[in-house]
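*Asks:* I have a structure I would like to understand better, so I am pasting it below and will then ask my questions one at a time.
Numbering (our numbering), first residue to last: 803 to 1132.
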């Protein structure tokens, strides 16, 4: 009924090579964490369910997860122009008022609703009246922010959020000259501790060849994204942006032979951006949701709960919206 680390389970049955060269790079690309520290049920619930249902081996359990009639459709999808266009369109259609750059510092009960206190931000001017009143609140924030905002309001949820460990990462985007040749793949995943033939380690954990992965990037500059940062390893993340770009370009050259100087670069850092789904994660989420369920007009959503990918985050958002709608209609 509990969870167990995925890495030791797979190592015991298939050996270290499968974990180090396949499972670990895949999970590192998603969670920025290693297989030995991530929970089976937390990260692969379908596989765990197949085992619990009586699969005779991990191989049989994995086989049961494959579709009977595989689709030829692409595995990944996106919106031409970037996912930001989706946010803009949703804002337009809903008539919502979108405010950015104004951090919420405190949430309090106010009558049958809520009062939010807005703090100052060096890049934005806080409104003269720095409070906002609302009928309901959805918290879609990183675990440390949720812990702080709920400390007095829902202590049990706050404590559970405070137990979530986080990994930091950075994405280095490179726009290479048109015509630059990339490997015939959508990207590369790099195992922890991987080194080149001369023994020099790689700083990046993954590369996405965006111009190959997405058809709408087929013309113009050749776009590549390098991902840096693993749980418990600050390493290259401590470098400034110029050095981080240099390190990623060096990794790309050693892995693929691509040495073209970029036309433009962009470094985006996500400090504490990826929650770690360890063996105690499901129990923490259960505590959070149980505590929040006792507070009418309050809901939580986001990557800390049931998955860090977009589909999982959308699912938590839909559940939060339904909870709030039910509360308001009653």
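The beta carbon of each residue, even a glycine, is placed where N, CA and C say it ideally should be.
Relative to the alpha-carbon of residue 882, which residue among 1016, 852 and 1050 has its alpha-carbon at the smallest distance?
*Replies:* Closest option to residue 882, Cα to Cα, is 1016.
*Asks:* Taking the runs of the alpha helix (DSSP H) that are 4 residues or longer, which of them lie wholly in the region 1046 to 1109?
*Replies:* Runs of the alpha helix (DSSP H) inside the region 1046 to 1109: 1083 to 1095.
*Asks:* Can you give me the start and stop residues for the beta strand (DSSP E) that residue 1026 sits inside?
*Replies:* That run of the beta strand (DSSP E) goes 1024 to 1030.
*Asks:* Please work out which residues of its chain come closer than 8 Å, Cβ to Cβ, to residue 1003, disregarding the five sequence neighbours upstream and downstream, and give them in chain order.
*Replies:* The answer, listed in chain order, is 995, 996 and 997.
*Asks:* Under 6 Å Cβ to Cβ from residue 933, same chain only, skipping five residues before and after it: list those, please.
*Replies:* Contacts found: 917 and 919.
*Asks:* With DSSP as the reference, please indicate the residues paired to residue 1009 in a beta bridge.
*Replies:* DSSP lists 990 and 1028 as partners of residue 1009.
*Asks:* For residue 790, which residues in the same chain have their Cβ closer than 7 Å to its Cβ, ignoring the five residues on either side in sequence?
*Replies:* Residue 790 is absent from the model: the chain starts at 803 and stops at 1132.
*Asks:* Kindly indicate which three-state DSSP category residue 933 falls into: helix, strand or coil?
*Replies:* Correct three-state label for residue 933: strand.
*Asks:* Measuring CB to CB, does residue 748 end up less than 8 Å from residue 975?
*Replies:* It is not possible to answer for residue 748, since the shown part of the chain is limited to 803 through 1132.
*Asks:* Identify, in the order they occur along the chain, each residue of the same chain with its Cβ nearer than 8 Å to the Cβ of residue 1098, setting aside the five sequence neighbours on each side.
*Replies:* Only 1129 meet the Cβ criterion.
*Asks:* Whose CA, out of 1007, 1048 and 1090, lies closest to the CA of residue 1066?
*Replies:* For the residues 1007, 1048 and 1090, the minimum Cα distance to residue 1066 belongs to 1048.
*Asks:* Starting from residue 1003, follow its DSSP beta bridges and name the residues at the other end.
*Replies:* Per DSSP, 997.
*Asks:* On the three-state DSSP scale, how would you describe residue 805?
*Replies:* Residue state, collapsed to three classes: coil.
*Asks:* Using a Cβ distance threshold of 8 Å, determine whether the region 873 to 880 contacts the region 894 to 911, with at least three qualifying pairs required.
*Replies:* They do not touch, by the three-pair rule.
*Asks:* With distances taken between CB atoms, is the gap from residue 1050 to residue 1006 smaller than 8 Å?
*Replies:* In contact: residue 1050 and residue 1006 (Cβ atoms closer than 8 Å).
*Asks:* Out of curiosity, what's the CA-to-CA distance linking residue 1030 and residue 1132?
*Replies:* Between residue 1030 and residue 1132, the C-alpha separation is close to 47 Å.
*Asks:* Beta-carbon within less than 7 Å of residue 1008's beta-carbon, same chain only, minus the 5 sequence neighbours each way: which residues are those?
*Replies:* For residue 1008, where only same-chain residues beyond five positions count, the Cβ hits under 7 Å are 831, 989, 990, 991, 992 and 1029.
*Asks:* Tell me whether the region 965 to 981 and the region 1058 to 1078 touch, counting them as touching only if at least three CB pairs, one residue from each stretch, are closer than 8 Å.
*Replies:* With the cut-off at 8 Å, the region 965 to 981 and the region 1058 to 1078 touch.
*Asks:* State yes or no: is the C-beta of residue 819 within less than 8 Å of the C-beta of residue 812?
*Replies:* Not a contact, by the Cβ cut-off of 8 Å.
*Asks:* If you draw a straight line from the alpha carbon of residue 1042 to that of residue 1036, how long is it in whole angstroms?
*Replies:* If you take the alpha carbons of residue 1042 and residue 1036, they lie about 12 Å apart.
*Asks:* Hey, how far is the Cα of residue 1025 from the Cα of residue 1034?
*Replies:* So the alpha carbons of these two residues sit roughly 29 Å apart.
*Asks:* By the three-class DSSP mapping on this structure, what secondary structure does residue 983 have?
*Replies:* In this structure, residue 983 counts as coil in the three-state DSSP scheme.
*Asks:* Quick check on DSSP: helix, strand or coil for residue 901?
*Replies:* Three-state DSSP puts residue 901 in coil, outside helix and strand.
*Asks:* Can you check which of these residues, 1060, 804, 938 and 1107, is closest to residue 913 by C-alpha distance?
*Replies:* For residue 913, the nearest C-alpha among the options comes from 938.
*Asks:* Given that a residue counts as buried once 16 or more other Cβ atoms are within 10 Å of its Cβ, and exposed if not, what is residue 862?
*Replies:* Flag for residue 862 reads exposed.
*Asks:* By the three-class DSSP mapping on this structure, what secondary structure does residue 890 have?
*Replies:* Residue 890 falls in the helix class under three-state DSSP.
*Asks:* What does DSSP give as the partner residues of residue 971 in its beta bridges?
*Replies:* DSSP output for residue 971 lists 1072 as bridge partner(s).
*Asks:* Under 6 Å Cβ to Cβ from residue 960, same chain only, skipping five residues before and after it: list those, please.
*Replies:* Contacts found: 949, 952 and 953.
*Asks:* Nearest by alpha-carbon distance to residue 947: which of 980, 867, 906 and 936 is it?
*Replies:* Residue 906 is the option with its Cα nearest to residue 947.
*Asks:* Starting from residue 941, trace the beta strand (DSSP E) in both directions and tell me its first and last residue.
*Replies:* Note, residue 941: beta strand (DSSP E), 939 to 941.
*Asks:* In the DSSP assignment, find the unbroken alpha helix (DSSP H) run with residue 906 in it and report its ends.
*Replies:* First-last for residue 906: 906 to 912, but that is the beta strand (DSSP E), not the alpha helix (DSSP H).
*Asks:* Closest by CA to residue 1100, which one among 942, 1071 and 884?
*Replies:* Cα-wise, what sits closest to residue 1100 is 942.
*Asks:* Identify, in the order they occur along the chain, each residue of the same chain with its Cβ nearer than 6 Å to the Cβ of residue 1213, setting aside the five sequence neighbours on each side.
*Replies:* Here the chain has residues from 803 to 1132 only, and residue 1213 is not among them.
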